[in-house]
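Asker: Please read through the structure below; I'll follow up with questions.
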Amino acid sequence: MKTGHTHLFIPGPTNVPDDVRRAMNVPMQDQRAPDFGALTLGLIADLRPVFGTTSADVLLYPGSGTGAWEAALTNTLSPGDKVLMARHGQFSVLWVDMAQRLGFDVEVMDRPWGEGTPVAAFAERLAADKDHHIKGVFVTHNETATGVTSDVAGVRAALDACGHPALLFVDGVSSIASLPFRMDDWGVDLAVTGSQKGLMCPAGLGILAVSEKAVEASKTARSYRCYFDMGDMRRMMADGYFPYTPPAQLLHGMRAALDRIKAEGLDQVFARHHRLAEGVRKGVAAWGLTLCAAEPALWSDTVSAIRVPESVDARDVIRIAYARYNTSLGSGLSQLAGKVFRIGHLGDLNEGMVLAALGVAELSLHEAGYPISFGSGVGAAQAHFAHAAGSARMAAE
Ligand SMILES: *Cc1c(COP(=O)(O)O)cnc(C)c1O
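Note that the sequence shown covers residues 7 to 403 in my numbering.
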């Protein structure tokens with residue numbers, strides 16, 4: 007018999023706040039009613055600042071982040087188009103796989119897992135592509151498998167430096183609404199997220215923001231698409247309606263989630279994610295463990311992938327945390343299985359929850375055979391949080 011909450015410290019789905027859950031407990035309604043469109047249009051207006059755009063079209067597709075990936079690709083590219091992608095973690099692996107299966111000519115740069123998008127190598131390749139064969143450049147903004155945040159602005163600069171017209175595609179599924187995302191400043195053409203990570207809702211929506219340039223490309227792109235067709239979606243969504251039945255409850259949940267983000271303030275949301283992530287990182291360092299991310303500049307403020315020594319199987323850590331302590335930690339995906347466990351620290355989270363994650367991780371690491379000094383990680387995080395609270399008090403005075 008399990009008692010209390012099952013702690014959810016995976017990088018998605020994330021914890022759904024109680025008011026978001028309650029907001030979804032509404033009767034079914036007519037999605038063609040005259041007042042339904044206002045609900046959707048309100049969401050789109052409040053999603054734009056979250057994406058860092060004032061003008062992009064924001065499209066809400068029933069589905070998940072992966073569906074929005076597919077929408078981005080099939081609406082703007084034609085079969086055989088050359089695209090430039092990097093593989094440095096499980097999510098970038100899956101994106102490459104999708105692009106290949108959809109029939110694009112994918113030029114892949116493989117990098118060790120734990121590294122970010124290879125901006126310099128992209129810049130070199132783009133500069134050499136004088137005839138502009140490359141139609142799309144892809145960035146996984148936050149590689150959730152490795153806890154690595156990449157430099158989207160750097161890729162934009164690489165495109166601009168050689169006047170390259172390729173579309174810039176960004177997977178922001180585990181960054182948008184948690185990390186600063188500046189679609190307009192970075193000249194992102196297609197930005198993808200889902201409802202169940204930074205946006206604190208259940209899974210069920212793939213959200214795609216598209217620039218004017220991407221909309222233009224969609225008018226001549228020849229990939230087959232139907233359910234995800236951007237033309238149908240844009241036509242209907244201009245008035246807040248959908249080309250098919252929308253998940254209305256989820257839209258009400260999204261309304262409540264965006265109200266929370268507005269009330270906290272986007273900058274405060276980002277600052278909180280950074281503070282909580284720093285607490286986790288202080289804890290990891292105090293344990294004598296390291297992150298998968300190759301260098302501090304790549305550290306993700308939404309998820310930490312924590313390496314365990316070879317004598318320990320990270321799968322044991324996760325199993326013990328779940329079986330004995332009612333706590334879900336993130337697993338090591340694919341080639342990282344057994345080598346890392348992950349703590350997701352995004353969405354509706356606070357200091358107490360992070361301390362619980364670290365405390366349970368300590369117990370589980372101990373039982374999995376890692377010699378840990380109890381409280382070391384928790385204490386390091388507490389010291390960080392106390393210091394941050396002190397600084398905030400001083401700033402307020
Ligand atoms: C979760 C995630 C995805 C997949 O999204 P789904 O909503 O599960 O389809 C894609 N990319 C990244 C970076 C993710 O974190």
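Backbone N, C-alpha and C fix where the C-beta goes; we use that ideal spot for every residue, glycine too.
In this text the structure is predicted, and so the values were computed from the model without any measurement.
Evaluate the contact criterion for the stretch 21 to 41 versus the stretch 174 to 185: three or more CB pairs, one atom per stretch, below 8 Å.
Answerer: These segments do not touch.
Asker: Less than 8 Å between the CB atoms is what I'm expecting for M30 and G259, so what's the real figure, rounded?
Answerer: Confirmed, about 4 Å.
Asker: What is the rounded straight-line gap between the Cα of F110 and the Cα of A386?
Answerer: One C-alpha to the other measures close to 48 Å.
Asker: Using C-beta distances below 6 Å, list every residue in its chain close to D319, excluding the 5 sequence neighbours before and after it, in chain order.
Answerer: Once the five neighbours on either side are set aside, the close Cβ partners of D319 are G344.
Asker: Regarding V179 and ligand 1, is the C-beta to nearest heavy atom distance less than 7 Å?
Answerer: Yes, since a heavy atom of ligand 1 falls inside the 7 Å radius drawn around the Cβ of V179.
Asker: For K88, verify whether its CB is less than 7 Å away from any heavy atom of ligand 1.
Answerer: No, Cβ of K88 sits at least 7 Å from all heavy atoms of ligand 1.
Asker: Which whole-angstrom value is the C-beta distance of G18 and G350, which I expect to be below 8 Å?
Answerer: 7 Å between Cβ atoms; contact.
Asker: How about the stretch 69 to 81 and the stretch 154 to 165: do they share at least three Cβ pairs that are nearer than 8 Å?
Answerer: Judged by Cβ distances under 8 Å, the stretch 69 to 81 makes no contact with the stretch 154 to 165, as fewer than three pairs qualify.
Asker: Excluding five sequence neighbours on each side, which residues of the same chain lie with their C-beta closer than 7 Å to the C-beta of Y328?
Answerer: Excluding residues within five positions, the ones whose Cβ falls inside 7 Å are S334.
Asker: Can you determine whether any heavy atom of ligand 1 sits closer than 7 Å to the C-beta of K203, and answer yes or no?
Answerer: Result yes, Cβ under 7 Å from ligand 1.
Asker: Taking the straight line between their C-alpha atoms, what separation do you get for D63 and D273?
Answerer: Rounded to whole angstroms, D63 to D273 spans 23 Å at the Cα level.
Asker: What does M115 pair with, by DSSP beta-bridge criteria?
Answerer: According to DSSP, which records beta bridges pairwise, M115 is partnered with A92.
Asker: Considering just the uninterrupted stretch of the alpha helix (DSSP H) at R231, what are its terminal residues?
Answerer: Unbroken run through R231: none, as it is neither H nor E.
Asker: I'd like to know whether the C-beta atoms of G289 and E357 end up nearer to each other than 8 Å.
Answerer: Not closer than 8 Å, so no.
Asker: At which residues does the beta strand (DSSP E) containing T150 begin and terminate?
Answerer: Segment: none, T150 is in no beta strand (DSSP E) and carries neither H nor E.
Asker: Taking 8 Å as the cut-off, does the stretch 120 to 136 touch the stretch 362 to 380 (at least 3 CB pairs, one atom from each stretch)?
Answerer: The stretch 362 to 380 vs the stretch 120 to 136: no contact.
Asker: Would F187 and G58 qualify as a contact pair, given that the criterion is a beta-carbon distance under 8 Å?
Answerer: Taking 8 Å as the Cβ cut-off, F187 and G58 qualify as a contacting pair.
Asker: Kindly indicate which residue of L108, F380, P118, V89 has the alpha-carbon position closest to the one of H170.
Answerer: Of L108, F380, P118, V89, the residue nearest in Cα terms is V89.
Asker: Taking 7 Å as the cut-off, does the CB of G402 come closer than this to any heavy atom belonging to ligand 1?
Answerer: Residue identity differs from the one stated: residue 402 is Ala in this sequence, not Gly. Flag unset: Cβ of A402 not near ligand 1.
Asker: Give me the DSSP bridge partner(s) of F15.
Answerer: Looking at the DSSP assignment, F15 forms a beta bridge with L335.
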